[in-house]
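Report on the structure given below.
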Amino acid sequence: MIVSADNRKLAGLATIWIVLALAPYWMAPLGGYTALGTRILVLGLAAMSVNFLLGFTGVLSFGHAAYFGLGAYGAGFALKFLAPSTPLALVCGMLLGGIAGAALGALIARRRGVYFAMVTIAFGQVFYYIAFQWSSVTGGDDGLRNFSRQPLHFGSATIDILGNANAFYYFVLVCVALAVGVMGFILRSPFGRTMIAIRENERRARFLGIPVDRHIWLAFTLSCFFMAFAGALYALVNNFADPRGLHYSQSGDFVMMAVMGGMRRFWGPLLGAAIFVVLQDYLSSVTVNWMSFVGVIFIAIVLFFPRGLLGVLQRRSEA
Amino acid sequence: MTNLLEVRGATKRFGSLVAVRDVSLAVQPGELRAIIGPNGAGKTTFFNMISGFFRPTSGSIVFDGRDITSTPAYQRVVLGMGRTFQITEIFPELTVFENVRISTEVADGYRLRPWIGRAAKDHVRRQVEETLTLTGLQAKAQRLVGELSHGDQRAAEIAMALALRPRLLLLDEPTAGMGEQETYEITQLVRRLHKDSKLTILLIEHDMRVIFHLADRITVLDQGNLLAEGTPQEIAINEAVQSAYLGKAA
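So the sequence lines, in the order shown, correspond to chains A and B.
For reference, each letter of the first sequence is one residue, going 3 to 321 in our numbering.
For reference, each letter of the second sequence is one residue, going 517 to 766 in our numbering.
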């Protein structure tokens, strides 16, 4: 029985990676386009980063877009002012958002529940207004422009990820796979299990000898690094960093993706992001009020499938 | 013999209410001490001060010769205190095995490890299996704790505390809300831990049969005050204890 559960898990994983690896080929016939797939991957990674904290530590941050946005600006600054290198941009973005997350997390980690969510919003909005107001550096309302992702050089070989949409998709897929792999690895480790312990019962966790505040801070910091990495990728997707990427409404979108897909499932947020992005892409071409339709669908999912879509799908397949 | 645990004049006030007033206690290594008293006697408050749930308003707590009055709860666990709660505190959505594994990994010092090697993993698994065998839960290892009977959940919570390899085990009403058979099984488990594993145990209990059966010494609290302390035989004939239990008029 245990073997068959493991097999099912392996089969599920294989399916996910095959579907993702072949996306540029099956999306076009279905009316999609490769860039849409790239966006889903990046926003999916962001939603999974939020869920690293929400679904596996039980802590709701409503200001995670700040670290996503900082990652985007970090990547943009690096490309614009430092050097024309895509890997450098990713590293700079990840460090900017991750270090900011570590510093603020130290102030936030003692709060719980609503207070935690409110403080994360407040700090997130601070970054939003900095990006919005400090026009000379950040481009203000117009965002950070005039940079673009650079071709990758491997010795004599060069991969053109700027002009070739498929090449860029695969570059992003490799980056996301790395990040998701690290995330999964952590969640299966003793540290990851202390996160789940805190989610399940904080009092019990403390009386098992786990310094809960410190572990929440670590989980928050790790999630901010993942988030900033996703943000840096997003800057490469758009060749642009937008102050609205830091706004709390963006944080809300990420939480929505996680909840729609299924918070308790590792891959749930990726599915949620796919639904969100496809709906946005389709509905926004039909109506400017696309968000109200997304809202209705969100409410329906929360009411009828509180475990999220992936939670329901997996339950069905196990039954 | 030096005391493993010493509480010196512990007092806990909540606003104008004095929940525990100037209570002292000394527990020797290997001893099984019971704390009894009518409802509202301050037993759980007293326990919470020992385990670090909150600090005493005044007085001090010494564990193994070290003043731990202001040591945070999680460090007291590291120093060797494991506790259970009056209302079972477990990880309901995880299996029995997973519940005990978390304790074991923390006790082994792995809590910050972002990876675990095969040898360490096997070592942890063997320890978990030993703990489950000791507590009679081995057949239920793969069951979700939240789905177990009340008695088994209590046993699972004791297993989690034991996996910490404590030098002092604090049990807050381990048989609360249990039927005859379950009470008997938990009593037998506590007896084995005390006699065979030579564990020092401090427990709060309501069931007098359990206490007189198990305890080396008994401490009686009443309305926050230390009423009496002695062997079960001494407590059984103590007049102050009888009047506290039977009413002041008696």
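Glycine included, each C-beta is placed from N, C-alpha and C at the ideal position.
| Item | Value |
| --- | --- |
| If you measure between the beta carbons of A/Leu-81 and A/Ala-230, is that distance less than 8 Å? | no |
| Using 8 Å as the Cβ pair cut-off and three pairs as the minimum, do the stretch 738-750 of chain B and the stretch 537-550 of chain B touch? | yes |
| So, is A/Met-2 buried or exposed, given that buried needs 16 or more other C-beta atoms within 10 angstroms? | Residue 2 of chain A lies beyond the stretch modelled for chain A, which goes from 3 to 321, so this question has no answer here. |
| Where are the beta strand (DSSP E) runs, 3 residues long or more, that stay fully inside the stretch 719-749 of chain B, in chain order? | 733-738, 741-746 |
| Between the stretch 107-125 of chain A and the stretch 50-69 of chain A, can you find at least three pairs of beta-carbon atoms closer than 8 Å? | yes |
| Residues of chain E with CB closer than 7 Å to the CB of B/Glu-621, please, in chain order. | This model lacks chain E altogether, as its protein chains are A and B. |
| Assuming B/Pro-554 and B/Ala-760 make a contact with CB atoms under 8 Å, what is their CB distance in whole Å? | 6 Å |
| Roughly how many angstroms separate the alpha carbons of A/Gly-274 and B/Lys-656, rounded to a whole number? | 35 Å |
| Within 8 Å (strictly less), CB to CB, does B/Ile-606 reach chain A? | yes |
| Tell me which residues share the same chain as A/Val-2 and place their Cβ nearer than 7 Å to its Cβ, disregarding the 5 neighbours each side in the sequence. | Given a span of 3 to 321 for chain A in the structure shown, any question on residue 2 of chain A remains unanswerable. |
| Of the choices A/Leu-285, A/Ala-91, A/Arg-205, A/Ser-6, whose alpha-carbon is the least far from that of A/Ser-150? | A/Ala-91 |
| Give, in chain order, every residue of the stretch 629-645 of chain B whose Cβ lies closer than 8 Å to some Cβ of chain A. | Arg-629, Pro-630, Trp-631, Ile-632 |
| Considering only DSSP beta bridges, list what A/Met-96 is partnered with. | Per DSSP, none; premise fails for A/Met-96. |
| Given a limit of 9 Å on CB to CB distance, which residues of the stretch 579-591 of chain B reach chain A? | Pro-588, Ala-589, Tyr-590, Gln-591 |
| Taking only the alpha-carbon atoms, compute the straight-line gap between A/Pro-271 and B/Ala-589 and give it to the nearest angstrom. | 35 Å |
| Three-state secondary structure (DSSP) at A/Ser-6? | helix |
| What ranges does the alpha helix (DSSP H) occupy inside the stretch 23-81 of chain A, keeping only unbroken runs of at least 4 residues that lie completely in it? | 25-29, 36-56, 67-79 |
| Quick check for students: name the residue ranges of the alpha helix (DSSP H) that lie wholly in the stretch 677-722 of chain B, counting only runs of 4 or more. | 696-711 |
| Across which residues does DSSP place B/Thr-527 in a beta bridge pair? | B/Ser-574 |
| Short of 7 Å Cβ to Cβ, which residues in the stretch 674-690 of chain B face chain A? | Met-676, Leu-680 |
| Find the residues of chain A that neighbour B/Val-594, judging by a C-beta separation of less than 9 Å, and give them in chain order. | Gly-211 |
| Considering only residues of the stretch 159-232 of chain A, which uninterrupted alpha helix (DSSP H) runs meet the minimum length of 4 residues and lie entirely inside it, listed in chain order? | 167-189, 192-202, 204-208 |
| Could you check the C-alpha separation between B/Thr-585 and B/Met-565 for me, to the nearest Å? | 8 Å |
| Just list the residues that DSSP pairs A/Ala-243 with in beta bridges. | A/Leu-146 |
| Can you give the Cα-Cα distance for B/Gln-654 and A/Ala-276, rounded to whole angstroms? | 43 Å |
| With 16 as the cutoff for other CB atoms within 10 Å, does B/Leu-533 come out buried or exposed? | exposed |
| Are the stretch 221-230 of chain A and the stretch 689-708 of chain B touching, with three or more C-beta to C-beta distances below 8 Å? | no |
| Who are B/Ile-551's beta bridge partners in DSSP? | B/Ile-720, B/Thr-735 |
| Would you be able to state if there are at least three C-beta pairs under 8 Å between the stretch 169-183 of chain A and the stretch 610-628 of chain B? | no |
| So for A/Leu-238, helix, strand or coil by DSSP? | helix |
| Quick one: using the 10 Å Cβ neighbour count with 16 as the cut-off for buried, is A/Asp-8 buried or exposed? | exposed |
| Alpha carbon to alpha carbon, how far is A/Leu-305 from B/Arg-659? | 29 Å |
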